[in-house]
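Participant: If you use my numbering, the sequence shown corresponds to residues 66 to 544, in order. Yeah, the Cβ is synthetic: ideal placement off N, Cα and C, and Gly gets one too. Here it is, the structure, as structure tokens.
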Amino acid sequence: MSDTISFLAPRADVLARRRQIVADLIDLLPPECLVHEARELMPFETDAFVSYRRMPLAVALPRTTAEVAAVMKYCHRYGVPVVPRGAGTSLSGGAIPQEDAVVVCVSKMNRILEIDLPNRVAVVEAGVTNLNISESVSADGFFYAPDPSSQLACTIGGNIGMNSGGAHCLKYGVTTNNLLGVRMVLMDGIVIDLGGKALDAAGYDLLGLVCGHEGQLGIVTEATVRLIAKPEGARPVLFGFDTSEEAGSCVADIIAAGIIPVAIEFMDKPAIEICEAFAKAGYPLDVGALLIVEVEGSEAEMDDMLKSIVEIARRHSVKTVRECQSATEAALIWKGRKSAFGATGRIADYICMDGTVPLSQLSYVLMKTSEIIDRYGLRVANVFHAGDGNMHPLILFNANDPEDAARAEAAGMEILKLCVDAGGCLTGEHGVGIEKRDLMRHQYSEADLAQQMAARAAFDPAWLLNPSKVFPLEGRPAA
Numbered sequence: 066m067s068d069t070i071s072f073l074a075p076r077a078d079v080l081a082r083r084r085q086i087v088a089d090l091i092d093l094l095p096p097e098c099l100v101h102e103a104r105e106l107m108p109f110e111t112d113a114f115v116s117y118r119r120m121p122l123a124v125a126l127p128r129t130t131a132e133v134a135a136v137m138k139y140c141h142r143y144g145v146p147v148v149p150r151g152a153g154t155s156l157s158g159g160a161i162p163q164e165d166a167v168v169v170c171v172s173k174m175n176r177i178l179e180i181d182l183p184n185r186v187a188v189v190e191a192g193v194t195n196l197n198i199s200e201s202v203s204a205d206g207f208f209y210a211p212d213p214s215s216q217l218a219c220t221i222g223g224n225i226g227m228n229s230g231g232a233h234c235l236k237y238g239v240t241t242n243n244l245l246g247v248r249m250v251l252m253d254g255i256v257i258d259l260g261g262k263a264l265d266a267a268g269y270d271l272l273g274l275v276c277g278h279e280g281q282l283g284i285v286t287e288a289t290v291r292l293i294a295k296p297e298g299a300r301p302v303l304f305g306f307d308t309s310e311e312a313g314s315c316v317a318d319i320i321a322a323g324i325i326p327v328a329i330e331f332m333d334k335p336a337i338e339i340c341e342a343f344a345k346a347g348y349p350l351d352v353g354a355l356l357i358v359e360v361e362g363s364e365a366e367m368d369d370m371l372k373s374i375v376e377i378a379r380r381h382s383v384k385t386v387r388e389c390q391s392a393t394e395a396a397l398i399w400k401g402r403k404s405a406f407g408a409t410g411r412i413a414d415y416i417c418m419d420g421t422v423p424l425s426q427l428s429y430v431l432m433k434t435s436e437i438i439d440r441y442g443l444r445v446a447n448v449f450h451a452g453d454g455n456m457h458p459l460i461l462f463n464a465n466d467p468e469d470a471a472r473a474e475a476a477g478m479e480i481l482k483l484c485v486d487a488g489g490c491l492t493g494e495h496g497v498g499i500e501k502r503d504l505m506r507h508q509y510s511e512a513d514l515a516q517q518m519a520a521r522a523a524f525d526p527a528w529l530l531n532p533s534k535v536f537p538l539e540g541r542p543a544a
């Protein structure tokens, strides 16, 4: 990827403009809602895609929609780029700023505004964490379905920006399937409401356009989300196979049989060993690949579904079948899976890919991924949402070795191209950001990209919102 970064000292007029912008923002916001000193800006120079860093001009931490609107109106008037930010857990560089940009971070907007159980919805501010919604309604027998591995930290605003999913998206869908409405501030400071508590809204489906917009259409400040009743019971089961190809074929046959578990998660041998060393979840270490298949419902429903799944697994030479026997064991199984990225970070630097492929191509793509990694002399740990084909190969490398980092990045680009060529797409839930920006032409024609950019420009004609993300730098319309 190419992302021009100037290391030259800014001109005097540029420095003067930056000082004036900071002075104006100081007048707009309370002192605790603005960060502008260099040392305090350092936590905002990158997100979870740590290969790239840039120091922003300033960081606004508004507490209300009105404060967001005031900052946006000012930046629009003076042509200041704005980078929206939630918790900074983006794995695609979606929240990495520019030197001349103001970051608008919604972390202080963290109130649950309304719980409406009769209508099974919650209205929350954009800085509320994903997990906090479920915790707030758990005692009443409800939960919020999307569950990214970062759900302890990631915010609803960021989830909406990237259309995040999680392990249980196979049955319950990703963010767009659980989002009913948003309040959003446009680049010029105008506040709009899209959707609401109703199951469907009149007019164009702008809500569908906003979910997954990667902060390029506006800044979401409030969201109305679905609440779902907890199932009667849930049971994860571990299936061990000798090879990744056998596990991949088993997943495809489960879905082809019309069986929809609540989750199907995949780990290859390196991922199993990494996660077991961290979580002590009891994963089998004598297998080449592992599936975590969770079913839910009544005891009879779970027994019936598992019987069919075990029969399919046996046709693929399953080596280990272990049903969870307690809530504690279930929690450990999921702790291991949801800790995979952090556990991997304990042993090596890594970049995480996010390609999605048709289930019928899982085995093929896993095989070709291994070949690509071997060719570059690297290591990979595969852990991903197998039920919807959303692959997350973690490519291990040494960040202190520029050549090793370049090899890892090149291997990742080949894997993403492989996903597209196999009939899939560049991203399932992490977004394009800067990571996949230069691959957009591999998936889309120039006409496709032009139409997407036209839709984006309708909201932000000057391209001030999260610039240099998503679309290739060459060929985009002049501001």
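(1) So, for G226: in the same chain, excluding its five sequence neighbours on each side, which residues have a beta-carbon less than 6 Å away from its beta-carbon?
(2) Output the distance between the C-alpha atoms of C340 and L196, rounded to the nearest integer angstrom.
(3) Would you call the segment 300 to 307 and the segment 252 to 267 in contact, with 3 or more CB pairs under 8 Å?
(4) Would you call L156 buried or exposed, if buried means 16 or more other Cβ atoms sit within 10 Å of its Cβ?
(5) What are the boundary residues of the alpha helix (DSSP H) that includes A450?
(6) Report the option in V168, A131, M432, G144 whose CA atom is closest to the CA atom of H101.
(7) Quick check: the segment 241 to 258 against the segment 467 to 482, are at least 3 beta-carbon pairs closer than 8 Å?
(8) Quick one: measure Cβ to Cβ for G298 and M367, integer angstroms, because I've assumed they're closer than 8 Å.
(9) Would you grab the beta carbon distance between I398 and E474 for me? Rounded to a whole angstrom, and I think it's under 8 Å.
(10) Put T154 into one of helix, strand or coil per three-state DSSP.
(11) Can you say whether S510 is buried or exposed, counting buried as having 16 or more other CB atoms within 10 angstroms of its CB?
(12) P162 and P121 look like a contact to me (Cβ under 8 Å); what is the Cβ gap, rounded to whole Å?
(13) Roughly how far, in whole angstroms, is the beta-carbon of A405 from the beta-carbon of A317, given that I think they are within contact range, below 8 Å?
(14) Rounded to a whole number of angstroms, what is the C-alpha to C-alpha distance between S533 and R128?
(15) Based on Cα-Cα distance, which residue from R104, M505, G151 lies nearest to L126?
(16) Just verifying my parser: in three-state terms, what is the DSSP assignment at A125?
(17) Below 8 Å on the Cβ atoms is my contact criterion, and I expect R444 with L461 to pass it. Report the Cβ-Cβ distance as a whole number of Å.
(18) For A544, does the count of other Cβ atoms within 10 angstroms reach 16, so buried, or fall short, so exposed?
(19) Expressed to the nearest angstrom, what Euclidean distance is found between the alpha-carbon atoms of V189 and L217?
(20) Given a cut-off of 8 Å, decide if L292 and V147 are closer than it, judged by their beta-carbon atoms.
(21) Following the continuous beta strand (DSSP E) through I221, name the residue where it begins and the one where it ends.
(22) Consult DSSP for I480 and reduce its assignment to one of helix, strand or coil.
(23) Would you list the residues sitting across from C98 in a DSSP beta bridge?
(24) Excluding sequence positions up to five away, which residues of its chain have a Cβ less than 8 Å from the Cβ of A342?
(25) Would you call the segment 344 to 354 and the segment 383 to 401 touching, i.e. three or more CB-CB distances under 8 Å?
(26) Pick helix, strand or coil for L356, following the three-state DSSP scheme.
Facilitator: A quick look at the data gives this:
(1) By one-based count along the sequence shown, residue 226 stands at place 161. In its chain, beyond the 5 residues on either side, E279, G280 have a beta carbon closer than 6 Å to the beta carbon of G226.
(2) Position 275 of the sequence shown, counting from 1, holds the residue named residue 340. Position 131 of the sequence shown, counting from 1, holds the residue named residue 196. Looking at the two C-alpha atoms, the distance is approximately 22 Å.
(3) no
(4) Working through the sequence shown from its first residue, we reach residue 156 at position 91. Counting Cβ neighbours within 10 Å, L156 comes out buried, since at least 16 surround it.
(5) Here residue 450 is taken as the residue at index 385 of the sequence shown, counted from 1. According to the sequence provided, residue 450 is His. The question's Ala does not apply to it. Where H450 is concerned, there is no enclosing alpha helix (DSSP H), although the beta strand (DSSP E) it sits in stretches over 444 to 450.
(6) The count along the sequence shown starts at 1 and reaches residue 101 at position 36. Per the Cα distances, V168.
(7) By the criterion of at least three beta-carbon pairs nearer than 8 Å, the segment 467 to 482 is not in contact with the segment 241 to 258.
(8) What you label residue 298 is simply residue 233 of the sequence shown in a count that begins at 1. What you label residue 367 is simply residue 302 of the sequence shown in a count that begins at 1. Contact holds; Cβ gap of about 6 Å.
(9) Mapped onto the sequence shown, residue 398 falls at position 333. Mapped onto the sequence shown, residue 474 falls at position 409. 33 Å between Cβ atoms; not a contact.
(10) The sequence position of residue 154 within the sequence shown is 89, counting from 1. T154 sits in coil when the DSSP states are folded into three classes, being neither helix nor strand.
(11) Along the sequence shown, read from residue 1 onward, the residue named residue 510 stands at position 445. Classification for S510: exposed.
(12) Position 97 of the sequence shown, counted from the start, is the residue given in the question as residue 162. Position 56 of the sequence shown, counted from the start, is the residue given in the question as residue 121. About 4 Å separates the two Cβ atoms, so the contact holds.
(13) Looking up residue 405 in the sequence shown gives position 340. Looking up residue 317 in the sequence shown gives position 252. About 22 Å separates the two Cβ atoms, so there is no contact after all.
(14) Taking the sequence shown and counting its residues from 1, one reaches residue 533 at position 468. Taking the sequence shown and counting its residues from 1, one reaches residue 128 at position 63. For S533 and R128, the distance between alpha carbons rounds to 27 Å.
(15) In the sequence shown, the residue the question calls residue 126 occupies position 61. Nearest option by C-alpha distance: G151.
(16) Mapped onto the sequence shown, residue 125 falls at position 60. In this structure, A125 counts as strand in the three-state DSSP scheme.
(17) Position 379 of the sequence shown, counted from the first residue, corresponds to residue 444. Position 396 of the sequence shown, counted from the first residue, corresponds to residue 461. Going by Cβ atoms, the distance from R444 to L461 rounds to 4 Å, so yes, they are a contact pair.
(18) Stepping through the sequence shown from its first residue, residue 544 is reached at position 479. Confidence at A544 is low in this model, with a pLDDT of 49, below 50, so the placement of that residue is unreliable and no value is reported for it.
(19) Numbered from its first residue, the sequence shown carries residue 189 at position 124. Numbered from its first residue, the sequence shown carries residue 217 at position 152. Straight across, the Cα-Cα distance linking V189 with L217 is about 16 Å.
(20) Working through the sequence shown from its first residue, we reach residue 147 at position 82. Working through the sequence shown from its first residue, we reach residue 292 at position 227. Cβ distance not < 8 Å, so V147 and L292 don't count as in contact.
(21) By one-based count along the sequence shown, residue 221 stands at place 156. It is not in any beta strand (DSSP E) - I221 instead sits in the alpha helix (DSSP H) that spans 221 to 227.
(22) Within the sequence shown, numbered from 1, the residue matching residue 480 stands at position 415. In the structure shown, I480 sits in a helix (DSSP, three-state: H, G or I).
(23) Start at 1 with the first residue of the sequence shown, and residue 98 comes out as number 33. In DSSP, C98 forms no bridge with anything.
(24) Within the sequence shown, numbered from 1, the residue matching residue 342 stands at position 277. So the qualifying residues of the chain are A408.
(25) yes
(26) Position 291 of the sequence shown, counted from the start, is the residue given in the question as residue 356. It is a strand residue.
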